[in-house]
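Residue numbers (my numbering), protein chains in the order written: chain A, 1 to 323; chain B, 324 to 641.
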Amino acid sequence: MSETRYIRAIAEALNEEMARDENVFIIGEDVGGPGGAFSATKGLLEKYGERRIRDTPISESAIVGLAIGAAAQGLRPVVEIMFADFLTVCMDQIVNQMAKTRYMFGGMYKLPMVIRAPGGGGLNAGPQHSQCLESWFAHVPGMKVVMPATPYDAKGLLKSAIRDDDPVLVLENKALYGSKGEVPDEEYLVPIGKADVKKAGKDVTVVSASRMVHQALDAAKALSKDGIDIEVIDLRTISPLDKETIFDSVEKTSKLVVAHEAVKAFGIGAEIAALVGEEMLDYLDAPVLRVGAPFVPVPFNLESFYLPNSQDVVTAVKKVMEY
Amino acid sequence: MADKETLLELLYLMLKVRRVEECLLDVFAQGKIPGFIHVGIGQEAVAAGVCSCLKPDDFIFTTHRGHGQALAKGIELNRFMAEIYGRKDGFCKGKAGSMHVASKEAGVAGSNGIVGAGLPISLGTAFASQYRDENAVTVCFFGDGASNQGTFHESLNLAALWNLPVIFCCENNGWAQFTPQKVYMKLENISKRAESYGMAGVTVDGDDVIKVREEAEKAVSKARKGEGPTLLECKTHRWFGHYAGDPQKYRSPTEVESTREFDPIVKFEEFLLKSKFIDQAHVDTLEAKIKSEIQGAIDFAESSPIAGPEELFTDVYA
Ligand SMILES: Cc1ncc(C[n+]2csc(CCOP(=O)(O)OP(=O)(O)O)c2C)c(N)n1
Numbered sequence: 001m002s003e004t005r006y007i008r009a010i011a012e013a014l015n016e017e018m019a020r021d022e023n024v025f026i027i028g029e030d031v032g033g034p035g036g037a038f039s040a041t042k043g044l045l046e047k048y049g050e051r052r053i054r055d056t057p058i059s060e061s062a063i064v065g066l067a068i069g070a071a072a073q074g075l076r077p078v079v080e081i082m083f084a085d086f087l088t089v090c091m092d093q094i095v096n097q098m099a100k101t102r103y104m105f106g107g108m109y110k111l112p113m114v115i116r117a118p119g120g121g122g123l124n125a126g127p128q129h130s131q132c133l134e135s136w137f138a139h140v141p142g143m144k145v146v147m148p149a150t151p152y153d154a155k156g157l158l159k160s161a162i163r164d165d166d167p168v169l170v171l172e173n174k175a176l177y178g179s180k181g182e183v184p185d186e187e188y189l190v191p192i193g194k195a196d197v198k199k200a201g202k203d204v205t206v207v208s209a210s211r212m213v214h215q216a217l218d219a220a221k222a223l224s225k226d227g228i229d230i231e232v233i234d235l236r237t238i239s240p241l242d243k244e245t246i247f248d249s250v251e252k253t254s255k256l257v258v259a260h261e262a263v264k265a266f267g268i269g270a271e272i273a274a275l276v277g278e279e280m281l282d283y284l285d286a287p288v289l290r291v292g293a294p295f296v297p298v299p300f301n302l303e304s305f306y307l308p309n310s311q312d313v314v315t316a317v318k319k320v321m322e323y
Numbered sequence: 324m325a326d327k328e329t330l331l332e333l334l335y336l337m338l339k340v341r342r343v344e345e346c347l348l349d350v351f352a353q354g355k356i357p358g359f360i361h362v363g364i365g366q367e368a369v370a371a372g373v374c375s376c377l378k379p380d381d382f383i384f385t386t387h388r389g390h391g392q393a394l395a396k397g398i399e400l401n402r403f404m405a406e407i408y409g410r411k412d413g414f415c416k417g418k419a420g421s422m423h424v425a426s427k428e429a430g431v432a433g434s435n436g437i438v439g440a441g442l443p444i445s446l447g448t449a450f451a452s453q454y455r456d457e458n459a460v461t462v463c464f465f466g467d468g469a470s471n472q473g474t475f476h477e478s479l480n481l482a483a484l485w486n487l488p489v490i491f492c493c494e495n496n497g498w499a500q501f502t503p504q505k506v507y508m509k510l511e512n513i514s515k516r517a518e519s520y521g522m523a524g525v526t527v528d529g530d531d532v533i534k535v536r537e538e539a540e541k542a543v544s545k546a547r548k549g550e551g552p553t554l555l556e557c558k559t560h561r562w563f564g565h566y567a568g569d570p571q572k573y574r575s576p577t578e579v580e581s582t583r584e585f586d587p588i589v590k591f592e593e594f595l596l597k598s599k600f601i602d603q604a605h606v607d608t609l610e611a612k613i614k615s616e617i618q619g620a621i622d623f624a625e626s627s628p629i630a631g632p633e634e635l636f637t638d639v640y641a
């Protein structure tokens, strides 16, 4: 085990998978010499050369489209989209092409491709560089969406994504890039589609993802002083959603809070609340509460008011404890 | 000029495409095909001229008006027909239909209901050939309307930059749905756009199959030799409406009538007869052969079942 930063863990995953499989190549803006806007690909150009590390024009649709065609021919492209907000520029290629190709053509092709993109606030990067768009993509059948919260998961999930035969969108969180965590020295994978209980507890289930996992863990510490013991679930994968882990926990605690950084409206919190409402109503002792951002764009210098934090989780947990 | 065998192949391809689409119009009018279809009757010389230069393991991307392109690339007729009928034996189990026909075996790598969306994907098959040092080329067909999409410009730029083995083939019929070219672009020749990306561009009479074939051959051999992409614009004519059943109220009857003067098949047959490459008996035999192939395909499609609800959930994920 060694302490590694989230961004380094991603770089290690890319390096290991490129070394393992000649079909893996990286494509995106600035991914060559500069190593990408956040240095995830730094050093790879020197090691693997221009054939496999492809620096592109600012043409997100062409980048994703190229990856689709190449993946259909058995290559394993890893696309870097500089900021998750720019996924909107190539929405057709992602939603109508990448996600539908396999189904539409009756299973003719597999598309073993990955798109990596950093989302979330924390850098005061303003309304067009800070969004969390995971629920948009989770809403589309045919692709998988993962959101690692720790260096361990970032590396293990990315490696699984590269080996997956379906298109996987890896939504990283730029506020987490500098965070540290334990990463094994030996090779490992984190399975896609499996949530992780980051802290066991008996009173309230808090389902979270990405940066909010850490806020929930902080909330757990604060709440324990009041004698409240929460269970923190890290979804890790948004689609396909691991219902089983959520339901098992709710069965135990009978109370549920869902915490995510994206705006609360129409988000994954709404989906989880509805699922639990539909299938677990008898187990619930309180309404399901959601913690999320307000329904406004991400403001440049008001992030501290905008971003949901551990105090919001504490408040929501205390509220469900009142029932 | 192409040898006799090639010329006869071109005639066969064009006739086959024409007769298949006439038949599709007919069965569609009888209500046998769900959804809607777009035929390219009058534009056969483009598909035949270009695809006859390709090998089975080359790739093409087709459009919503892509029957002819797929057929000329050698897609198997029975399963093609079954797909358009929405039947289980179709190449895509009836999940794709006319707008999304594809066949891995024939190198018909995909067609698209989103105008201009095939261009970026065609970069990918071309990239895969280049990455693996294989010899296959990719042809991406699209319309004049599609050339105003951002994807066109992004794709040409990247293909030129990376010297990808791809040919962008614009079937310019002068219409984008209900709108004539002069309404949506100031340029007359779309091929001119190639220059600004550092790519070869050429405009050819798309109703003259020999000329299309000549230019396509040059472009394909260039791409195969690693000399990069070409934008090949073929000017042709759309005889019918945008979709089957479109009454074309936006077009003057004289204009519609005049499109027939450019019939690429009549022109080519006249040339072949006059230069004694063929006689009328040859044409008659060819027509009979195609007729029976089509009848076989219709029988195959109509006897193929429609997939049941169990197919709903297959092929979403690998
Ligand atoms: C992105 C998008 N916009 C609009 C349409 C509707 N549409 C389908 S075909 C078409 C016209 C396309 O014209 P062109 O590219 O010239 O091809 P043609 O139909 O002439 O073969 C339009 C507008 C669509 N399918 N996709």
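For every residue, glycine included, the Cβ atom is placed at its ideal position computed from N, Cα and C.
Would you mind giving the Cβ-Cβ distance between residue i and residue j, rounded to the nearest angstrom? I have them listed as a contact below 8 Å.
i, j, result
"B/K558", "B/G529", "5 Å"
"B/A483", "B/G551", "7 Å"
"A/L75", "B/A449", "Incorrect: roughly 12 Å between the Cβ atoms, too far for contact."
"B/F403", "B/A393", "7 Å"
"B/V343", "B/I617", "6 Å"
"A/Y103", "A/A72", "With a Cβ gap of about 14 Å, A/Y103 and A/A72 do not count as contacting."
"A/T4", "A/I26", "About 20 Å separates the two Cβ atoms, so there is no contact after all."
"B/F359", "B/A567", "7 Å"
"A/L171", "A/G119", "5 Å"
"A/A138", "A/V146", "Contact flag wrong, Cβ pair sits at about 10 Å."
"B/I613", "B/L338", "6 Å"
"B/A542", "B/P488", "B/A542 to B/P488, Cβ: 10 Å. No contact."
So, for residue i: in the same chain, excluding its five sequence neighbours on each side, which residues have a beta-carbon less than 6 Å away from its beta-carbon?
i, result
"B/G372", "V532, V535, R536, A539"
"A/I68", "Q97, M98"
"A/A149", "S210, V213, D234"
"A/L44", "I53"
"A/Y6", "P151, A154, L176, Y177, S179"
"A/A219", "S310, V313, V314"
"B/F429", "The question names Phe, but residue 429 of chain B is Ala in the sequence shown. Here the set comprises K396, G397, I398."
"B/L336", "A371, A395"
"B/I601", "L595"
I'd like the list of long-range same chain contacts for residue i, defined as Cβ closer than 7 Å, with 5 residues on each side in sequence excluded.
i, result
"A/L87", "I81, I94, A117, L133"
"A/E285", "The residue you asked about is not Glu; residue 285 of chain A is Asp in the sequence shown. Closer than 7 Å at Cβ, skipping near neighbours: S254, K255, Y323."
"B/K515", "G524"
"B/K411", "G417, S627, P628, I629, A630"
"A/E60", "I81, F86, V89, C90"
"A/G324", "The question about residue 324 of chain A has no answer here: the residues shown for chain A are numbered 1 through 323."
"B/T526", "N512, S514, E556, K558"
"A/L217", "K198, K199, V232"
Return no unless some Cβ of chain E is closer than 8 Å to the Cβ of residue i.
i, result
"A/V79", "Absent from the structure is chain E; the protein chains it does hold are A and B."
By Cβ distance below 8 Å, which residues in the same chain neighbour residue i in space, the five residues on each side in sequence not counted?
i, result
"B/I356", "L347, V350, I407, Y408, G409, S421"
"A/I228", "D203, V204, V317, K318, M321"
"A/S2", "E182, V183, D185"
Would the beta-carbon of residue i be found less than 7 Å away from any heavy atom of ligand 3?
i, result
"B/W562", "Absent from the structure shown: ligand 3. Ligands present: ligand 1."
Do the segment 279-294 of chain A and the segment 258-265 of chain A make contact, defined as three or more Cβ pairs closer than 8 Å? yes
Are the segment 16-23 of chain A and the segment 31-38 of chain A touching, with three or more C-beta to C-beta distances below 8 Å? no
Determine contact between the segment 112-128 of chain A and the segment 433-446 of chain B, defined as no fewer than three beta-carbon pairs at a distance below 8 Å. no
Give the residues from the segment 107-119 of chain A that approach chain B closer than 7 Å (Cβ to any Cβ), ordered along the chain. G107, M108, K110
For the segment 411-424 of chain B, which residues have a beta carbon sitting closer than 7 Å to at least one beta carbon of chain A? F414, C415, K416, K418, A419, H423
Got a sec: which bits of the segment 121-149 of chain A sit with their beta carbon under 7 Å from any beta carbon on chain B, in order along the chain? P141, G142
Tell me which residues of the segment 510-535 of chain B have at least one Cβ-Cβ distance to chain A shorter than 7 Å, keeping chain order. none
Contact between the segment 208-228 of chain A and the segment 240-255 of chain A (3+ Cβ pairs under 8 Å): no
Closer than 7 Å, Cβ to any Cβ of chain B: which residues of the segment 157-191 of chain A, in chain order? D165, D166
Using 8 Å as the Cβ pair cut-off and three pairs as the minimum, do the segment 268-276 of chain A and the segment 179-190 of chain A touch? no
Proximal residues, the segment 443-456 of chain B versus chain A, C-beta separation under 7 Å: P443, I444, S445, L446, G447, T448, F450, A451, Y454
Check each residue of the segment 464-477 of chain B: if its Cβ is closer than 8 Å to any Cβ of chain A, include it; give the result in chain order. G473, T474, E477
Taking a cut of 7 Å between CB atoms, which residues from the segment 370-400 of chain B lie near chain A? none
Where the segment 19-44 of chain A meets chain B: residues whose CB sits under 8 Å from a CB there: F25
Touching or not, the segment 489-501 of chain B and the segment 467-479 of chain B, by the rule of three or more beta carbon pairs under 8 Å? yes
Under 8 Å: do the segment 592-606 of chain B and the segment 327-337 of chain B share three or more Cβ pairs, one atom per stretch? yes
The segment 613-637 of chain B: which residues have C-beta closer than 8 Å to a C-beta of chain A, in chain order? T637
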